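Residue numbers for the sequence shown follow the numbering used here, so the first one is 1 and each next one is one higher.
Have a look at the structure below before the remarks.
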Amino acid sequence: MSAEERLYKQLEGIVASIIKALEGLEKELSEYIEVTDRRIHKLEDKVHKFESLADVSSKGLVKSIETSESPEQVRGLAHIATQSKPAVTPEPEIQAPIMQPKTETPPAVPQPPSAVTAETSRVPPVPLPPSFKPVMSDEPLEAVSTAPATPIVPRPPTARKDSEEAEEKEDKDKNELMSALKKIDEL
């Protein structure tokens, strides 16, 4: 074997290894491109959903469905619009009347049973919370004595701790929600 043949075989081996390396790089690059394309499509879909959600919130659901190029997607967001309303716990509703300033109004005069009309008989009774126990008596109210009131004893720290933890959790949830809404607005 001459030096030229050996050099030729070495060059063939080098070229073959370069070709294999390039094929491997091409395969890796094509896989990377596919993964990147999938990520881009997912992000585009998310951006489109956020735009649709912003459109729904700015125009209202009906106008958004009427003017949208793809009303199916906007209709799909309708459940998000209804769920995104903050859930109101019944506790603030119960406490709201207690916290309102009291206005002096004359006591209500009870009506005789004959005054009940057909319209009022169809109205169902208003449900009261289980903790509400009305005190009704036919006896006239006596004047309140001027004796010193019994001091208010604060609740033990454990009872306050639970309510404070609930308030902290509520504040944390509100902050998370607000930051998420800000991120959505930025998009």
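For each residue, glycine too, the CB sits at the ideal point set by N, CA and C.
All of these numbers come straight from a predicted model, not from anything done at the bench.
Within 8 Å, strictly: CB atoms of residue i and residue j
| i | j | result |
| --- | --- | --- |
| Leu187 | Phe50 | yes |
Nearest-angstrom Cα separation, counted from residue j out to residue i
| i | j | result |
| --- | --- | --- |
| Lys27 | Ala16 | 16 Å |
| Val35 | Asp45 | 15 Å |
| Leu29 | Ala21 | 12 Å |
| Leu53 | Glu167 | 30 Å |
| Met1 | Lys42 | 60 Å |
| Ile14 | Ala3 | 16 Å |
| Asp171 | Ser179 | 12 Å |
| Ile40 | Glu165 | 41 Å |
| Tyr32 | Ile18 | 21 Å |
| Asp185 | Arg38 | 24 Å |
| Asp173 | Gly24 | 49 Å |
| Ile152 | Ser163 | 19 Å |
| His48 | Lys169 | 32 Å |
| Lys183 | Gln10 | 59 Å |
| Asn175 | Thr150 | 40 Å |
| Glu12 | Arg6 | 10 Å |
| Ala96 | Leu177 | Since pLDDT at Ala96 reaches only 49, below the 50 mark, its modelled position is unreliable, and no value is offered. |
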